[in-house]
Structure formats: C-alpha cells, structure tokens
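J.: For the sequence shown, this note's numbering gives the first residue as 1, with consecutive numbering after it.
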Amino acid sequence: MSDPRTTPSIFTRGAVDLSALRAPAPTPSRTDAPPEAGAPGGPPGGSVGAVIDVTEATFQAEVLERSLTTPVVIDFWAEWCQPCKQLSPILEKLAAEGGGSWILAKIDVDSNPRLAQMFRVQGIPMVYAVVGGQPVDAFSGVVPEPQLRQWIDAVLKAGGVQPPAAPEDPRLVEADDALMTGDLDTAEQAYKKILAESPADSAAEAGLAHVTLARRVVGVDPNAALAAAEAKPDDVAAQLLAADVEVLSGFADRAYKRLVDLVRTTAGDEREEIRKHLLSLFTIAGPDDPAVSSARRALASALF
Numbered sequence: 001m002s003d004p005r006t007t008p009s010i011f012t013r014g015a016v017d018l019s020a021l022r023a024p025a026p027t028p029s030r031t032d033a034p035p036e037a038g039a040p041g042g043p044p045g046g047s048v049g050a051v052i053d054v055t056e057a058t059f060q061a062e063v064l065e066r067s068l069t070t071p072v073v074i075d076f077w078a079e080w081c082q083p084c085k086q087l088s089p090i091l092e093k094l095a096a097e098g099g100g101s102w103i104l105a106k107i108d109v110d111s112n113p114r115l116a117q118m119f120r121v122q123g124i125p126m127v128y129a130v131v132g133g134q135p136v137d138a139f140s141g142v143v144p145e146p147q148l149r150q151w152i153d154a155v156l157k158a159g160g161v162q163p164p165a166a167p168e169d170p171r172l173v174e175a176d177d178a179l180m181t182g183d184l185d186t187a188e189q190a191y192k193k194i195l196a197e198s199p200a201d202s203a204a205e206a207g208l209a210h211v212t213l214a215r216r217v218v219g220v221d222p223n224a225a226l227a228a229a230e231a232k233p234d235d236v237a238a239q240l241l242a243a244d245v246e247v248l249s250g251f252a253d254r255a256y257k258r259l260v261d262l263v264r265t266t267a268g269d270e271r272e273e274i275r276k277h278l279l280s281l282f283t284i285a286g287p288d289d290p291a292v293s294s295a296r297r298a299l300a301s302a303l304f
C-alpha cells in the first residue's frame, strides 16, 4: 500500500474536483436557530462514534470540514456488493480501535451517485483518504487487514496524527504465555487457531515457527552443539542445530550467516533442506527485521 505522504496520485493532479460539493453555508436570520450538529449545514462532529453514514447533504460537514482536524477515510459501498461485506467490517473494527484518531465515512453509492461520480468510483469497494479537505490516497478492492493497518497509519501520519498503539490480541497473549512457559502443545494449538481465523497474522506465524524451533532443541546442550558444528563444518545436521542454538541465544545474525555460507557449499536436496531451515528462522524474526533483510539478499546471492 502506498504512503500518501510520498506517492504521486491522481489527486495531486486535480483529478477529483470537490469544489461543487463545497456549498456555502446559508446566512441565518436573527430569528433562525443554528443548525444542529451533524445536520446538513451543521458543524462537523454531530455523529457519535468513529463510523458515520454520509450523504451528499452532510458531505461538506462530515468529510471536508471534519478532515481539516481529523483524517477521514471514505468507504464507498453498496448493499449488493459482496466484497464490500468483507472489507467494511474490517474498516469498522479498525476505526473503533482508532478511538477517534480517524473517522470512517460510509457512502452508499446507490443513494449518493453524485458523490460516486465526483470521486470517479468505477468499482466498489473503493476507499479514499481525505486529509485537510483534500483526497490524498485511495485503493480499490479487498486488502488484508495487516496491509490495511499500514495504509491507515500512513494516512494518520499524513494528517499529523500519531497512530494509536495496536491493542494486544488476547489470543496471542495466551499463545505467547504458553510458549514462554514451555507448554509447546498448547502454544502450537493456539497459534494454529489464530492462523485459521487470520491466515496473514505474521505474529502467529512467527510464534508457530518458534514452537517448531523450541521442539528441535529440547534436551540440547548449547555449548556441545556449537562445538560439534565447529568440529564438523560439513555436517549439515550439526550446522542446522548450531544455527537454532544461535537464534535462541540472541545471535540470529550469526545463524543466518552460518546457513548462507552452507548454502554456498552444498547442492541438491541438502541445499534445499538448508534453505527451508533458514526461511523458518526468518519467520521467527519477521520480515521487518534488518538482519533478515540483509540475510535474504545474501541468500539470493548464494542461490543464484
């Protein structure tokens, strides 16, 4: 997902002209009561909660004016749209988690065709970010929750808002506790349950890989394993075990180098075994670890 702060988009070229929607507020007479918050022409902030339904009549107050102080994410949807029914609940959940740091504005394209036309919506679901009264980024279709979280964080930063800390997932807490206490069976079941419900959950993937690693080193003397690897540099099993010990000892970069060097000197089934073992160690650290990024480049060089 692109970062709206740095990625050129159709919006920077003025492709979305919202000027027609910026209706001037009527001048009340001395006997007129001021419009209620959230009513057409009223001040933003009348809707309760982080998820609001928006129409053309409320668009200026609820989206344009509100976005001057709080980023607004627009979800263009329709009742008949099946993909919308996959994406919208995720957006609503993230908006609730955001605690008001951003607002989700839901626009039914069937009831508001002019808004859909103004935003050049050709297919739904279509999601736009509005910051400072202007659209800054957009995407269409259903995207995985982790990717959606990253996109929203970038939108918040574009609006000068610090993204809120993600709440702890109680399922992960339970699984991690089981792992830390050595209850590997319970931990494995818990991580697998999370992945069955959220297949792209990188934390659960890392936890499950950690369980597999922990099982491989049960009863292993770390010093003896490292000594054996030193004495038998061509023994693949010894090197794999030594790499496991190094990862658990906090020396993952050494483990990666050990196995990348081994890839360079092996071939066939042995090389493939080493490669898969190394990838499992990468999973434990996660894709954002700088040591993993460096080791992946070294592995690619060794393989090709």
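Even glycine gets a Cβ: it sits at the ideal position worked out from N, Cα and C.
Tell me the start and end of each unbroken beta strand (DSSP E) in the stretch 190–237 that is at least 3 residues and wholly inside, in chain order.
T.: The stretch 190–237 contains no whole beta strand (DSSP E) run of 3 or more residues.
J.: Roughly how many angstroms lie between the CA atoms of Ala298 and Val260, to the nearest whole one?
T.: For Ala298 and Val260, the distance between alpha carbons rounds to 7 Å.
J.: For a test of the three-state rule: what should DSSP assign to Phe304, helix, strand or coil?
T.: Correct three-state label for Phe304: coil.
J.: CB-CB under 8 Å to Ala291, same chain, minus the five flanking residues each way: which ones, in chain order?
T.: Excluding sequence neighbours, Ala291 sits near Ala252, Asp253, Tyr256 and Ala285.
J.: Any heavy atom of the ligand FMN within a distance shorter than 8 Å of the CB on Gly123?
T.: In the structure shown, the ligand FMN is absent, as is every other ligand, since no ligand is present at all.
J.: In the DSSP assignment, find the alpha helix (DSSP H) that holds Ala138 and state where it starts and stops.
T.: Element bounds for Ala138: not the alpha helix (DSSP H) but the beta strand (DSSP E), Gln134 to Ser140.
J.: Measuring CA to CA, which of Phe282, Ala267, Ala227 and Thr58 is closest to Phe304?
T.: It is Ala267 whose Cα lies nearest to the Cα of Phe304.
J.: Tell me which residue opens and which closes the beta strand (DSSP E) that Phe76 is part of.
T.: Val72 to Trp77 is the extent of the beta strand (DSSP E) around Phe76.
J.: Taking its Cβ as the centre, do 16 or more other Cβ atoms sit within 10 Å of Arg114, making it buried, or is it exposed?
T.: Exposed: under 16 other Cβ atoms inside 10 Å.
J.: Counting pairs of Cβ atoms below 8 Å between the stretch 82–102 and the stretch 146–153, do you hit three or more?
T.: Flag = yes, the stretch 82–102 and the stretch 146–153 touch.
J.: Using only CA atoms, which one of Ile103, Val142, Thr265 and Ala243 lies nearest to His277?
T.: Per the Cα distances, Ala243.
J.: Using only the alpha-carbon positions, how far apart do Val72 and Lys106 sit?
T.: Near 10 Å, if we compare the C-alpha coordinates of Lys106 and Val72.
J.: With 16 other CB atoms within 10 Å as the buried threshold, where does Met180 fall?
T.: Result: exposed.
J.: CB Glu188 to CB Leu172, shorter than 9 Å?
T.: No, the pair does not count as a contact, with Cβ atoms beyond the cut-off.
J.: Looking at the unbroken beta strand (DSSP E) that takes in Asp108, where does it start and where does it end?
T.: Start and end: Ile103 to Asp108.
J.: To the nearest angstrom, how far is the alpha carbon of Leu262 from that of Ala206?
T.: Rounded to the nearest angstrom, the two C-alpha atoms are 24 Å apart.
J.: Does Ala285 come out as helix, strand or coil in the three-state DSSP assignment?
T.: Of the three classes helix, strand and coil, the one that applies to Ala285 here is helix, per DSSP.
J.: Identify the residues that DSSP records as bridge partners of Val127: which are they?
T.: According to DSSP, which records beta bridges pairwise, Val127 is partnered with Asp75 and Phe139.
J.: When the Cα atoms are used, what is the spatial distance from Val247 to Leu281?
T.: Looking at the two C-alpha atoms, the distance is approximately 8 Å.
J.: Do Ser198 and Ile130 count as a contact pair if the criterion is CB distance below 9 Å?
T.: One point to set straight first is that residue 130 is Val, not Ile, in the sequence displayed. The answer is no: Cβ separation not under 9 Å.
J.: In terms of DSSP beta bridges, what is Ile274 paired with?
T.: Note: Ile274 sits in no beta bridge, so no partner.
J.: Once the 5 residues before and after Glu145 are set aside, which same chain residues still bring their CB inside 6 Å of it?
T.: Excluding residues within five positions, the ones whose Cβ falls inside 6 Å are Ile90.
J.: Quick check: the Cα distance between Val217 and Leu241, rounded to an integer number of angstroms?
T.: Each residue's Cα considered, the two are about 7 Å apart.
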